[in-house]
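K.L.:
Just so you know, the protein sequences line up as chains R and L, in that order. Start counting the first sequence at 200; every next residue gets the next number (the numbering used here). Start counting the second sequence at 42; every next residue gets the next number (the numbering used here). Structure incoming, see below.
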Amino acid sequence: MQDLITFLVLLTFGYGFGRVIEARHYKSIISRENKFRGIPAVAIKVPPLGRPFTVALVQGNVVISVDYFKRFLAGLRNLFGGRVTSYESLLDRARREAILRMKEQAASQGAKLIFNVKLTTSSISQGRRGQIGSVEVLAYGTAIIE
Amino acid sequence: MLLTNIEIIPGKRITKHLGLVQGSSVRAKHVGRDIMAGIKNIFGGELKGYTELLQESRDEATERMVEQARAVGANAVLNIRYSTSSVAVGAAEIFAYGTAVVLE
């Protein structure tokens with residue numbers, strides 16, 4: 200009985216806080232994406248030739264965790280199969296946040312463009328029961344400073 | 042020391058190729074951070090402690106790579122790549138590698 204109560208409390212907390220945190224994060228991501236629209240991050244390998252410029256390595260990383268409720272949903276999803284939307288939004292947020300942090304670093308150095316952008320994802324905490332839980336995303340690239 | 046993840050620098054010629062240089066760093070998180078992360082695992086959201094930890098170890102891996110490049114007499118490291126792997130529960134290895142060259 201006690202276990203069930205704890206579980207339900209965690210589920211409620213996870214649902215409530217998780218929703219608020221995710222909504223707030225998305226809002227901040229969208230506003231910052233608009234702010235940094237002037238600095239495109241592209242995956243092309245060869246830099247645009249022409250004017251001389253200097254280059255600098257820029258990077259951004261973030262570790263994000265899902266809430267208890269979403270982890271529970273993902274566990275259920277494992278039974279039935281199909282899209283695990285709770286992890287999709289987690290990875291989407293992490294990637295966009297990492298790219299934004301990279302752009303912030305580039306902007307502070309006065310860069311106009313970031314190219315050869317690479318993204319790497321790793322699951323850092325294996326969780327207590329071997330669940331995914333949290334991911335780290337690193338975005339790095341070469342910034343062009345004119 | 043010029044660090045970049047592209048293979049050529051426009052307008053600069055590579056005069057000498059010095060081979061692969063690398064640096065790695067294995068770090069574990071301390072218990073306090075683990076507990077905080079445990080709480081965050083219920084509510085969701087960013088795990089700031091881990092973000093910082095991984096950033097620090099990435100900086101250290103880069104620094105070690107640069108040291109190695111300096112030791113072989115390079116003035117630039119091109120084509121840098123980063124990789125992460127978890128060697129054990131609670132510890133992560135960050136690995137940075139690139140090509141050391143002499144640019145004119």
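Glycine included, C-beta positions come from ideal geometry on N, C-alpha and C.
Excluding the 5 residues flanking V128(L) on each side, which residues of the same chain have their C-beta closer than 8 angstroms to its C-beta?
P.N.:
Only V67 and E134 meet the Cβ criterion.
K.L.:
Taking its Cβ as the centre, do 16 or more other Cβ atoms sit within 10 Å of I47(L), making it buried, or is it exposed?
P.N.:
So I47(L) counts as buried.
K.L.:
Take D266(R) and list the residues in its own chain whose beta-carbon comes closer than 6 angstroms to its own, dropping the five residues that flank it on each side.
P.N.:
Once the five neighbours on either side are set aside, the close Cβ partners of D266(R) are G213 and G217.
K.L.:
Tell me the DSSP bridge mates of A57(L)?
P.N.:
In the sequence as displayed, the identity of residue 57(L) is Lys instead of Ala. Its beta-bridge partners are V143(L).
K.L.:
Determine the contact status of L95(L) and E335(R), defining contact as a CB-CB distance below 9 angstroms.
P.N.:
Yes, these two residues count as a Cβ contact at 9 angstroms.
K.L.:
For K70(L), which of T140(L), G139(L), K89(L) and L43(L) has the nearest alpha-carbon?
P.N.:
Looking at the Cα atoms, K89(L) is the closest of the given residues.
K.L.:
Please state the DSSP three-state secondary structure of L256(R).
P.N.:
Strand, per DSSP.
K.L.:
Which residue marks the beginning of the alpha helix (DSSP H) containing E303(R), and which one marks its end?
P.N.:
Its alpha helix (DSSP H) spans residues T284 to S307.
K.L.:
Can you have a look at H58(L) and say buried or exposed, based on whether 16 or more other CB atoms are within 10 angstroms of its CB?
P.N.:
Counting Cβ neighbours within 10 Å, H58(L) comes out exposed, since fewer than 16 surround it.
K.L.:
Decide if V113(L) is buried, meaning its Cβ has at least 16 other Cβ atoms within 10 Å, or exposed.
P.N.:
Burial call: exposed.
K.L.:
For chain R, find out if any of its Cβ atoms is closer than 9 angstroms to the Cβ of I76(L); answer yes or no.
P.N.:
It does not; no Cβ of chain R falls within 9 angstroms.
K.L.:
Answer yes or no: does any C-beta atom of chain L fall closer than 9 angstroms to that of G326(R)?
P.N.:
Its pLDDT being 49, under 50, G326(R) is placed unreliably in this model, and the coordinates cannot settle the point.
K.L.:
Quick check on this structure: which residue in L299(R), L272(R), F252(R) and N260(R) has the alpha carbon closest to the alpha carbon of E97(L)?
P.N.:
Comparing Cα-Cα distances from E97(L) to each of L299(R), L272(R), F252(R) and N260(R), the minimum goes to N260(R).
K.L.:
At least one CB of chain R closer than 9 angstroms to the CB of G64(L): is that the case?
P.N.:
It does not: the Cβ of G64(L) has no partner Cβ on chain R nearer than 9 angstroms.
K.L.:
Would R270(R) count as contacting chain L if we go by Cβ distances under 9 angstroms?
P.N.:
Closer than 9 angstroms to some Cβ of chain L, the Cβ of R270(R) qualifies, so yes.
K.L.:
Against F212(R), what residues of chain L qualify as contacts under a CB-to-CB distance less than 8 angstroms, listed in chain order?
P.N.:
I83 and F84, listed in chain order.
K.L.:
Taking the alpha carbon of L210(R) as the reference point, which residue from G274(R), Q304(R) and F235(R) has its own alpha carbon closest?
P.N.:
Closest option to L210(R), Cα to Cα, is G274(R).
K.L.:
For the structure I just gave you, are there three or more beta carbon pairs, one from the region 309–322 of chain R and one from the region 241–258 of chain R, closer than 8 angstroms?
P.N.:
Because the criterion of three Cβ pairs below 8 angstroms is met, the region 309–322 of chain R and the region 241–258 of chain R touch.
K.L.:
Using 8 angstroms for Cβ pairs, my map puts S333(R) next to V262(R). What's the rounded Cβ distance?
P.N.:
Right, the Cβ-Cβ distance comes to about 6 angstroms (below 8 angstroms), so this counts as a contact.
K.L.:
Just to confirm, does T341(R) get its C-beta within under 8 angstroms of one of the non-hydrogen atoms of the ligand ZN?
P.N.:
You won't find the ligand ZN in this model; it holds no ligand whatsoever.
K.L.:
Cβ of E48(L) less than 9 angstroms from any chain R Cβ?
P.N.:
E48(L) counts as touching chain R.
K.L.:
Quick one: is A110(L) near chain R, going by C-beta distance under 9 angstroms?
P.N.:
So no, A110(L) is outside the interface.
K.L.:
Verify the CB distance criterion: does A102(L) have a CB-CB separation below 9 angstroms to chain R?
P.N.:
Chain R, which has no Cβ nearer than 9 angstroms to the Cβ of A102(L), makes this no.
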